[in-house]
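First the structure, in the form of structure tokens, and then the observations on it.
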Amino acid sequence: MSRVRTVHRCSECSVDSPRWTGRCGHCGAWNSLVERCEASDLTAVGARRAGLAARTGLTDQDGLASWAGPGGVLAAVPLPITEVDGSGWQARPTGLGEVDRVLSGGLVAGSVTVLGGEPGIGKSTLVLQALAAMAGAGARALLVSAEESAPQVRLRADRLGALVPGLWLVSGSSLADLVSAVDDVRPDVLVVDSIQTVADPALGSAPGTVAQVRGCAQQLVALSKSRGMATVLVGHVTKEGSLAGPRVLEHVVDTVLSFEGERHHALRLLRAVKHRFGSTGELGLFEMVGTGLRGVPDPSGLFLGDRRPGVPGGVVLAAMEGQRPLLVEMQALTSPTSLAMPRRSAQGLDAGRLALLLAVLDRRAGVRLSSADVFASVVGGVRVVEPAADLALGLALASAFTDRALPDDLVVCGEVGLGGELRQVAQSERRLAEAARLGFRRALVPASTPAGQEGLEVVRVGSLSAALVWAGLDQR
Ligand code: TYD
Ligand code: MG
Numbered sequence: 275m276s277r278v279r280t281v282h283r284c285s286e287c288s289v290d291s292p293r294w295t296g297r298c299g300h301c302g303a304w305n306s307l308v309e310r311c312e313a314s315d316l317t318a319v320g321a322r323r324a325g326l327a328a329r330t331g332l333t334d335q336d337g338l339a340s341w342a343g344p345g346g347v348l349a350a351v352p353l354p355i356t357e358v359d360g361s362g363w364q365a366r367p368t369g370l371g372e373v374d375r376v377l378s379g380g381l382v383a384g385s386v387t388v389l390g391g392e393p394g395i396g397k398s399t400l401v402l403q404a405l406a407a408m409a410g411a412g413a414r415a416l417l418v419s420a421e422e423s424a425p426q427v428r429l430r431a432d433r434l435g436a437l438v439p440g441l442w443l444v445s446g447s448s449l450a451d452l453v454s455a456v457d458d459v460r461p462d463v464l465v466v467d468s469i470q471t472v473a474d475p476a477l478g479s480a481p482g483t484v485a486q487v488r489g490c491a492q493q494l495v496a497l498s499k500s501r502g503m504a505t506v507l508v509g510h511v512t513k514e515g516s517l518a519g520p521r522v523l524e525h526v527v528d529t530v531l532s533f534e535g536e537r538h539h540a541l542r543l544l545r546a547v548k549h550r551f552g553s554t555g556e557l558g559l560f561e562m563v564g565t566g567l568r569g570v571p572d573p574s575g576l577f578l579g580d581r582r583p584g585v586p587g588g589v590v591l592a593a594m595e596g597q598r599p600l601l602v603e604m605q606a607l608t609s610p611t612s613l614a615m616p617r618r619s620a621q622g623l624d625a626g627r628l629a630l631l632l633a634v635l636d637r638r639a640g641v642r643l644s645s646a647d648v649f650a651s652v653v654g655g656v657r658v659v660e661p662a663a664d665l666a667l668g669l670a671l672a673s674a675f676t677d678r679a680l681p682d683d684l685v686v687c688g689e690v691g692l693g694g695e696l697r698q699v700a701q702s703e704r705r706l707a708e709a710a711r712l713g714f715r716r717a718l719v720p721a722s723t724p725a726g727q728e729g730l731e732v733v734r735v736g737s738l739s740a741a742l743v744w745a746g747l748d749q750r
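Using the working numbering, the letters of the sequence shown correspond one by one to residues 275 to 750.
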């Protein structure tokens, strides 16, 4: 049974509308809808094949009919779940411990991963190092560099110690050339750097547009699945996040990784935004050094390395980044001002949280900062946005304001409510265990916190003002 239906497809974002309109309801582009006929074959496999052909532009000659096995799209026969063969979905370690941590083991054959991040953050460096490590471990690896020339990449590889014979390199931006390079090399792992610079003339629109990026990515998804090859697509994201990039690919691919960091800091964070083969809670940490990216297995040690104990305004916070406890220093500085609108500066933390803490300190604890400039920051280039940082921020502000230092061996965590009450935070046990591991002796936590911790004196308080009294910072 088969029938033909008419759809109107946007040439910018490739989203279909049932009827023609002057403006695409999805991306808002004007006059971009083009009418097209689609044959939909209503037998199960046929329908899927037609859909796949429409999405990927591939035909039976491209092997469309034979896709099965690992990642096979046409697994049309129902089976009891216990009898489905899952052995094709083994993760292959990248050899970079911090990357494997985030990927729950490594890259899965037949899967497609997007690595997004701002220009200059280190994406090309990361993929080159990972490919070299995988090639060194016996994988066939192919890097398609659509942005840099082959000699440029070779020079970089030289500096990174990534000159490994099993790593193949091709420079070019046409999708057809890319596919034939894959045919030649038959890689286990393919990296395309970047997906925004690859183009398929058959798709019509200009390189870098949403339609191109999505169209090329869809063809690469089909190619990876048919070959059982793990593919990584590098994608640029701008500060506004508006560019045709990782966002438009999120639902097409299996995994979306985000590579982040402050430009002026060496610290880089890798997280999974979406991951079909594991949790998205893990965080990978790297430091950008002269020889590329170096994993940071002990981040708390790194963040607290330069701490000067005994300085008013500093307090150590037991934070969580995903599943990973991180001890970081929160710092505050206050100085009297005659400005009608005193300055409020928040670095590495949420400005809204700072405003809230200032109000709670004022109304519930008698710490009046309305005629002072206030600067607060999290040291080391990390960003802590969880409410568990509230108590640390409140103590840092009060400590800076009273010019009295907090004890060196103290670590804190807790959320502050609008009434000035303290609320317990998730995963206190892991936070306190990390604090004990790093030699802290005392922890100041909300009264309801369940966990105790060996080697740590756990001090429980019910409110921010009680915490200030305990620390000798109260104003009343
Ligand atoms: P790059 O990987 O090219 O970033 P992206 O691909 O995300 O645009 O790296 C960008 C920066 O990293 C570059 O400006 C310099 C720095 N860098 C180092 O500090 N050390 C190194 O060993 C390398 C290769 C790069
Ligand atoms: Mg790059």
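C-beta atoms are modelled at their ideal positions from N, C-alpha and C, and glycine is treated no differently.
Asked, Found
"Considering only C-alpha positions, which residue in the set Leu632, Glu421, Val686 and Ala745 is nearest to leucine 607?", "Leu632"
"Please report how far the alpha carbon of glycine 668 lies from the alpha carbon of glycine 575, in whole angstroms.", "24 angstroms"
"Quick check on the DSSP output: the alpha helix (DSSP H) that includes arginine 576 runs from which residue to which?", "Reading the sequence as shown, one finds leucine at residue 576 and not arginine. 573-578 is the span of the alpha helix (DSSP H), which, as asked, contains leucine 576."
"Quick one, are the C-beta atoms of glycine 566 and threonine 399 less than 8 angstroms apart?", "yes"
"If you measure from the CB of lysine 548, is any heavy atom of the ligand MG nearer than 7 angstroms?", "no"
"So, is glutamine 470 buried or exposed, given that buried needs 16 or more other C-beta atoms within 10 angstroms?", "buried"
"Where the beta carbon is closer than 5 angstroms to any heavy atom of the ligand TYD, which residues qualify, in chain order?", "Pro393, Gly394, Ile395, Gly396, Lys397, Ser398, Thr399, Met562 and Gly566"
"Can you tell me where the alpha helix (DSSP H) with arginine 430 in it begins and where it stops?", "424-434"
"Which one or two residues does DSSP pair with histidine 282 in a beta bridge?", "Ser291 and Glu309"
"Rounded to whole angstroms, what is the Cα-Cα separation between glycine 584 and aspartate 748?", "18 angstroms"
"What's the C-alpha gap between glycine 337 and proline 354?", "A caution first: glycine 337 carries a pLDDT of 45, below 50, which makes its placement in the model unreliable, though a value can still be read off. Taking the straight line joining both Cα atoms gives about 27 angstroms."
"So, helix, strand or coil for alanine 725, using DSSP?", "coil"
"Are alanine 504 and valine 472 touching if we call contact CB-CB under 8 angstroms?", "no"
"Please report the straight-line C-alpha distance between proline 768 and serine 702, rounded to a whole angstrom.", "The structure shown does not extend to residue 768, since the chain is modelled only from 275 through 750, so no value can be given for it."
"Would you report the Cα separation of serine 619 and aspartate 664, rounded to the nearest angstrom?", "16 angstroms"
"Leaving out the 5 sequence neighbours to the left and right, which residues in its chain are closer than 6 angstroms to valine 386 when beta-carbon positions are compared?", "Val495, Ser498, Thr505, Val527 and Asp528"
"Label arginine 283 either buried or exposed according to how many other C-beta atoms from any shown protein chain fall within 10 Å of its C-beta, with 16 as the threshold for buried.", "buried"
"Mind checking whether glutamate 556 and glycine 596 have CB atoms under 8 angstroms apart?", "yes"
"Can you name the residues that DSSP bridges to serine 651?", "Gln605 and Gln621"
"Leaving out five residues on either side along the sequence, give the residues of the same chain with a beta carbon under 8 angstroms from the beta carbon of proline 292.", "Val281 and His282"
"For histidine 510, count neighbouring C-beta atoms within 10 Å of its own C-beta (all shown protein chains included) and say buried if the count is 16 or more, exposed if not.", "buried"
"Let me know if glycine 688 comes out buried or exposed under the rule of 16 or more other beta-carbons within 10 Å of its beta-carbon.", "buried"
"Taking the runs of the alpha helix (DSSP H) that are 4 residues or longer, which of them lie wholly in the segment 393-478?", "397-410, 424-434 and 449-459"
"Does the beta-carbon of methionine 408 have 16 or more other beta-carbons within 10 angstroms, so that it is buried, or is it exposed?", "buried"
"Is the segment 732-742 touching the segment 708-720, taking contact as three or more C-beta pairs under 8 angstroms?", "yes"
"To the nearest angstrom, how far is the alpha carbon of threonine 356 from that of alanine 700?", "35 angstroms"
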